[in-house]
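Some notes on the structure that comes next.
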Amino acid sequence: MMREIKFRAWDGERLRQVWGLSWIDGELDAVNTPKYHGPVDEDVEVMQYAGLTDKNGVEIYEGDILKVWHEDEYVPYRDSGGGIIDYDREEGFSQIGVVGVTGCSFDYKTTKTISGKHEEIHMPIDWLNNYEVVGNIYENANLLNETEA
């Protein structure tokens, strides 16, 4: 199945669905939304649909902020013969990150703090299992600042 190709745009005030795009010499030149038709300049940001929806059916676009979580897991602890002796509990966690594009694929970017050091994490978005759109980088940038504190 092919992914639906669609876009939305931040016009400096709010996100809007894109009705049409104009290209000149391989460069994005103009955008057409319900409230704006004109050149793409520093006030207009165009974001592509990732072809995925979150747990609530919300479409995921480039620039969306996702809450990602992993449930607690019980991993078998085995003896040298392969028999299960006990189970180790790996504690679940949640984190906030941003949907972006690297090359020709969508990814999830976040910062994780391990032993006081900040580590950038990038992974293909389709590797994620549990996620929810909680905002976007234009209207809810404060969500990212809260996670860095």
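Under our numbering, the first residue of the sequence shown is numbered 6, with each subsequent residue one higher.
No residue lacks a Cβ here, since even glycine has one placed at the ideal position from N, Cα and C.
Measuring C-alpha to C-alpha distances from Trp74 to each of Met7, Gly108, Leu133, Gly140 identifies Leu133 as the nearest. Rounded to the nearest whole angstrom, the C-alpha separation of Asp48 and Arg19 is 11 Å.
The C-beta of Met52 has 16 or more other C-beta atoms within 10 Å across all chains shown, which makes the residue buried. Looking from the CA of Ile130, the closest CA among Ile89, Ser110, Lys117, Ile10 belongs to Ser110. For Glu64, the enclosing beta strand (DSSP E) begins and ends at 64-66. The bridge partners DSSP lists for Gly140 are Ile70. By the neighbour-count criterion, in which a residue is buried when 16 or more other Cβ atoms sit within 10 angstroms of its Cβ, Glu67 is buried. Measuring C-alpha to C-alpha distances from Thr38 to each of Leu57, Val63, Phe12, Gly121 identifies Phe12 as the nearest. Of Ala14, His42, Ala55, Val45, the smallest CA-CA separation from Met7 is found for Ala55.
Between Glu137 and Leu71, the C-beta spacing is below 8 Å. Counting only the Cα atoms, Tyr92 lies some 15 Å from Ser85. Of the other Cβ atoms in all chains shown, fewer than 16 fall within 10 Å of the Cβ of Asp77; this residue is therefore exposed. A Cβ-Cβ contact shorter than 8 Å links Val104 with Asp69. Taking C-beta atoms as the reference points, Ala14 and Ser27 fail to come closer than 8 Å.
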